[in-house]
Each structure stands twice: as C-alpha cells, then as structure tokens.
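Novice: Each protein sequence line maps, in turn, to chains A and B. Number 396 in the working numbering belongs to position 72 of the first sequence; there are no gaps in the numbering. Number 48 in the working numbering belongs to position 59 of the second sequence; there are no gaps in the numbering. All C-beta atoms, glycine included, are put in the ideal place defined by N, C-alpha and C. On a predicted model such as this, the values are computed, not experimentally measured, just so you know. One structure is given below, represented as structure tokens, and several questions about it will come after.
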Amino acid sequence: MSNTKTFVYINRKAPYGTVYALESLEVVLIGAAFEQNVKLVFMDDGVFQLTNAQDPEGIGMKNFSKTYAALGDYDINQIYIDQQSLDDRGLTIDDLQALVYEDEDDDWNEKSSIHLVNREQLSDIIDSADVLLNF
Amino acid sequence: MSTLHTVNKSAFERNSLESCLSVCKADASVLLIEDAVVSALQGTSVSDQIKQATDKGIKVFALGEDIKARGLSEKPLMDQITLVDYSGFVKLTTENDRVQNWL
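As structure tokens, this is what we get:
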C-alpha cells in the first residue's frame, strides 16, 4: 500500500482581513516536507490571495503573497482557480500571479502550475482527495 | 443628523453590506474597509446593489490602503465609489454624527 495521499487545500477567504490565507500557506509549506500529492484550490474570495501587486504596508501587515512563487520549488504544482469566482469578482487570470514549476520529467522545462477550472472539475478535485483541508 | 456606516466583510461572503444598505438613509455614507473593499471593483456580482444605493443618494467610499494591500490598486473601481485614505476615514467620522460598524 502506498504511503502517498492526496491532500486538497480549499482556500476561500480574501487575504489580510482574516488570518486564514496566511495560515493555509504555512500549513501547505510545512506539509510539503512530507512529499504527498498536494492540490491547492482557490475559489470564492480565495482568488484574491493570488492577485499580483499586493502591498499591505499601508495597513501595517507583511506581504506574504511573494511566498506563493516558492510553491513550485516544493513540488506543489497543481493549483486550481475557479473561473466562476474570478468572473463574479470582476477579475481575470491576468490579475493573478503567474505560478510556475520546473518539470523534472521534461528536461526541467518551466511550466505553469495554474489551471483554470469550472465547478464540475472542482467537484472531481474534491472527490480525488484522501484528506481535505479548508481555509 | 447623518450616519457613517463602516462595512469590513466581503459582500461575496457575508450579507453585511446588504443589511447595511437596506437600512441606510439617503443622507448616509458607507465606507468599505478591510475585506469589504473587494466589493468596490467594477463589474462584479454586487455592483448593482451598490449602484442602487448611490442612486438613492447614499455616498459610498472605499479605503485605499486596504485596496492596495490586496493588489487591486490597478483595477478600476465603480464610478459611484470615492477612494479615501486613512485621513479621509477620520474626516468622514467627524462629518457624520455617529458611526455604525457592521461587524
């Protein structure tokens, strides 16, 4: 029996107003040490976590958004964004950071970690989980 | 005798803004702060709600520092919404007779 499980993290809160976004990112990075199959979902207000050009200096908080770019180095390269959530919020994929990883099975070519998905695909992602973590 | 209403929750997630607008007088001001600033962008599913309020005469503001924090400075805000900074926030509290916080 394989010891590898599929961990799905569902992120549904905007950053800075609550601590959920930062806590999720920390748990994901800690969990990465255990070499599991990890998928991150950003839906509802969670899509705001990945906006580029975040600058929380004016509200006296630390900009943790740059850390998402490190996920690829931790072999976390399955990042799913809900298209409907972007549409409802007047956002497009161009408003978000480009997150990439180097594919070791393909001569370390840089590839995008981000996949735009619909609700039907999201339900499949949820059903693929051995462990679901919600933030 | 006017009231300043502050809303700090995203309108996509909570009904704070909806409740606030449903009891706002026409001379009231509404200030979007913290996570509520995400509701200020153009072309969202809550834009109509805000437009109906400003059509009634309600003034709606959004706090620039919170917009900047969330990486939304370059995104166009609704024409009906006025951007303010922390000094503007203070000014709004002094210009109104009371503050209602929709926590």
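1. In terms of alpha-carbon separation, which member of Asn361/A, Asp369/A, Leu349/A, Ser409/A lies closest to Asn327/A?
2. Once the 5 residues before and after Lys337/A are set aside, which same chain residues still bring their CB inside 7 Å of it?
3. Assess, as a yes-or-no matter, whether the stretch 444 to 453 of chain A is touched by the stretch 0 to 14 of chain B under the definition of 3 or more beta carbon pairs within less than 8 Å.
4. Show which residues of chain A have a CB atom less than 7 Å away from the CB atom of Leu61/B.
5. Quick one: is Lys57/B near chain A, going by C-beta distance under 8 Å?
6. Going by DSSP in three states, Thr33/B sits in which element: helix, strand or coil?
7. Under the DSSP definition of a beta bridge, which residues are partnered with Phe366/A?
8. By how many angstroms is the C-alpha of Thr375/A removed from the C-alpha of Lys14/B?
9. Three or more C-beta pairs under 8 Å: does that hold for the stretch 419 to 426 of chain A against the stretch -10 to -3 of chain B?
10. In this structure, how does DSSP classify Leu20/B when only helix, strand and coil are distinguished?
11. Could you check the C-alpha separation between Leu66/B and Leu6/B for me, to the nearest Å?
12. Taking only runs of the beta strand (DSSP E) that begin and end inside the stretch 42 to 83 of chain B, which ones reach a length of at least 3 residues, in chain order?
13. Any idea if Ile403/A is buried or exposed, counting beta-carbon neighbours within 10 angstroms, 16 or more meaning buried?
14. Quick check: the stretch 382 to 397 of chain A against the stretch 40 to 48 of chain B, are at least 3 beta-carbon pairs closer than 8 Å?
15. Quick check on Lys64/B - is its C-beta less than 8 Å from some C-beta in chain A?
16. Just the Cα atoms here: how many angstroms apart are Cys9/B and Ser18/B?
Specialist: Reading off the structure:
1. Ranking Asn361/A, Asp369/A, Leu349/A, Ser409/A by Cα distance to Asn327/A puts Asn361/A first.
2. If we look at Lys337/A and ignore the five residues flanking it on each side, its Cβ neighbours are Tyr344, Ala345, Asp369, Gly370, Phe459.
3. A contact is defined here as three or more CB-CB pairs under 8 Å, and the stretch 0 to 14 of chain B fails this definition with respect to the stretch 444 to 453 of chain A.
4. Chain A residues near Leu61/B: Thr375.
5. Output row for Lys57/B: interface = yes.
6. Assignment of Thr33/B by DSSP, reduced to helix, strand and coil, places it in the coil class.
7. Partner(s): Asn335/A, Ile405/A.
8. Cα to Cα, the separation comes out at about 35 Å.
9. Taking a cut-off of 8 Å for Cβ pairs, the stretch 419 to 426 of chain A and the stretch -10 to -3 of chain B do not touch, as fewer than three such pairs fall below it.
10. Strand at Leu20/B.
11. Using only the alpha carbons, I get a separation of about 17 Å.
12. Whole beta strand (DSSP E) segments, 3+ residues: 48 to 52, 70 to 73.
13. Residue environment analysis places Ile403/A among the buried positions, since at least 16 neighbouring C-beta atoms fall within 10 angstroms of its C-beta.
14. Inter-segment contact for the stretch 40 to 48 of chain B and the stretch 382 to 397 of chain A is absent: fewer than three beta-carbon pairs are separated by less than 8 Å.
15. Interface residue, yes.
16. Roughly 11 Å between the two C-alpha positions.
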